[in-house]
Amino acid sequence: LMGEALSESVEVVYIIPPLKKENADMYFLNHNKPFQIFSNRLLRTYKPDLLILLNDWSKQPQWIISLCRLKRIPVVCMQESVIDFGDTHRRMLHADEVMLQATQSVLDLNRKTVYLTGNPRYESLLNLPSSSKKYVLVNCNFTYGIFEDIRMKWMGEVIGAINKKGFDYLISQHPRDKADLSSYRQVISSSSSSVAEQLRGARCLITRFSSLIHEALVAGVPVIYYNPHGEQMKYQFRFNQSFLFIATNTEELSKALDAISIFDADESMQHYLINHCIQPSSPPSKNLLELIRLSLFKSQPFMFSDFWKCILYHPFVLRFVWYFKKS
Numbered sequence: 005l006m007g008e009a010l011s012e013s014v015e016v017v018y019i020i021p022p023l024k025k026e027n028a029d030m031y032f033l034n035h036n037k038p039f040q041i042f043s044n045r046l047l048r049t050y051k052p053d054l055l056i057l058l059n060d061w062s063k064q065p066q067w068i069i070s071l072c073r074l075k076r077i078p079v080v081c082m083q084e085s086v087i088d089f090g091d092t093h094r095r096m097l098h099a100d101e102v103m104l105q106a107t108q109s110v111l112d113l114n115r116k117t118v119y120l121t122g123n124p125r126y127e128s129l130l131n132l133p134s135s136s137k138k139y140v141l142v143n144c145n146f147t148y149g150i151f152e153d154i155r156m157k158w159m160g161e162v163i164g165a166i167n168k169k170g171f172d173y174l175i176s177q178h179p180r181d182k183a184d185l186s187s188y189r190q191v192i193s194s195s196s197s198s199v200a201e202q203l204r205g206a207r208c209l210i211t212r213f214s215s216l217i218h219e220a221l222v223a224g225v226p227v228i229y230y231n232p233h234g235e236q237m238k239y240q241f242r243f244n245q246s247f248l249f250i251a252t253n254t255e256e257l258s259k260a261l262d263a264i265s266i267f268d269a270d271e272s273m274q275h276y277l278i279n280h281c282i283q284p285s286s287p288p289s290k291n292l293l294e295l296i297r298l299s300l301f302k303s304q305p306f307m308f309s310d311f312w313k314c315i316l317y318h319p320f321v322l323r324f325v326w327y328f329k330k331s
């Protein structure tokens, strides 16, 4: 959505990192969008005025940022979902500039200057066509070794609680969640159907920490964060037991499902969305275009640390290190 909005006014080139592509290449291929793999030669060829990233804290983005600083190309990191700023990755502190989706992120991120633009990701979820609320949407996203050992227990408790209430359910499985869920009916990959379509028929969402929490709320779908495993996240969700519930055991989960049966969106939900997700003034894509038009983004100086990142985070070096670790 962001790329399409930008392409109406400026030339847009989609790039993906040379390693750990996170299925980005498959997305572009499936949507018939041309893309290129990032390289130093690519920078010399295109000489871009601006580079926009959605992740500035992994090793590959840091290598890209350092190369861009060497060539005085500004790099902006856009917040593309809810982010836990409390870990050790220093998320959104590496890029030259950052664009945040709402005021809660401004408070959470320890950075002197930010641009508050909203998130283009949410634009397609606003004002979804009405649909009968047929099922409870269950988000199975136990990936990268995080809490994978408790996945099946978590799923069993969630589906058990839903069945006791007599509700239908739809399980949305993250494409990198490799669990065998064949014992459950109604399982789809979260990449095989649009998020908007999944949420359109949902009476509520049950999930662990996920970007789907805010996507659901923007779509007007209440959320239950089911956390019996004591997941520690620094993001201040500000649970209210009205449209954003926290449940730590099956009894609390059952009570939350009862409350959602009589859910009705009110003004407090709109206030939450303004503080956490969207800005009411103008669409995020329009805000981004205006910032680009004004040429406000500037590159930071190339530092000694950037020199080392150009070397140590080069794809060749990373490949060698990963191969050595595996062997």
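Under the numbering used here, the first residue of the sequence shown carries the number 5, and numbering increases by one thereafter. Virtual Cβ for every residue (Gly too), placed ideally from N, Cα, C.
- When DSSP states are grouped into helix, strand and coil, residue 107 belongs to the helix group.
- As a beta-bridge residue in DSSP terms, residue 175 pairs with 142, 191.
- With a cutoff of 9 Å on beta-carbon distance, residue 161 and residue 123 are scored as not near each other.
- Bounds of the beta strand (DSSP E) holding residue 229 are 227-230.
- Judged by their CB atoms, residue 61 and residue 319 are not nearer to each other than the 9 Å cut-off.
- If you look at residue 210, you'll find it in the beta strand (DSSP E) that goes 206-211.
- The Cβ atoms of residue 178 and residue 145 lie closer than 9 Å to each other.
- Minimum Cα-Cα distance from residue 103 among the listed residues 307, 331, 142, 288 corresponds to 288.
- Residue ranges of uninterrupted beta strand (DSSP E) with 3 or more members are absent from the segment 284-326; none lies entirely inside it.
- In this structure, residue 260 places its C-beta atom within 9 Å of the C-beta atom of residue 228.
- By the neighbour-count criterion, in which a residue is buried when 16 or more other Cβ atoms sit within 10 angstroms of its Cβ, residue 214 is buried.
- In the DSSP assignment, residue 82 falls within the beta strand (DSSP E) that extends over 79-82.
- If you check the CB distance, residue 272 and residue 253 do not come in under 9 Å.
- Contact between residue 142 and residue 210 holds, with the beta-carbon distance rounding to 5 Å and staying under 8 Å.
- Secondary-structure assignment with DSSP links residue 19 through a beta bridge to 40.
- Three or more pairs of CB atoms, one per stretch, sit closer than 8 Å, so the segment 7-24 contacts the segment 48-64.
- The three-state reading of DSSP puts residue 264 in helix, counting H, G and I together.
- Just measuring C-alpha positions, the residue of 87, 33, 120 sitting nearest residue 278 is 120.
- If you check the CB distance, residue 81 and residue 57 come in under 9 Å.
- By the CB criterion at 9 Å, residue 158 and residue 276 fall outside the cutoff.
- Nearest to residue 221 by alpha-carbon distance, out of 189, 127, 190, is 127.
- Rounded to the nearest angstrom, the gap between the Cα atoms of residue 176 and residue 43 is 35 Å.
- Burial check for residue 96: the Cβ neighbour count within 10 Å reaches 16 or more, so the residue is buried.
- Per DSSP, residue 56 is one residue of the beta strand (DSSP E) stretching across 55-57.
- Collapsing the DSSP output to three states places residue 14 in coil.
- Between residue 91 and residue 147, the gap from beta carbon to beta carbon reaches 9 Å or more.
- Just so you know, the alpha carbons of residue 39 and residue 27 end up roughly 13 Å apart.
- Bounds of the alpha helix (DSSP H) holding residue 28 are 28-34.
- Residue burial annotation: residue 325 is exposed, with fewer than 16 other C-beta atoms found within 10 angstroms of its C-beta.
- Taking residue 200 as the centre and dropping the five residues before and after it, the same chain places the C-beta of 128, 129, 132, 223 closer than 8 Å to its C-beta, in chain order.
- The alpha-carbon of residue 31 is positioned some 38 Å away from that of residue 266.
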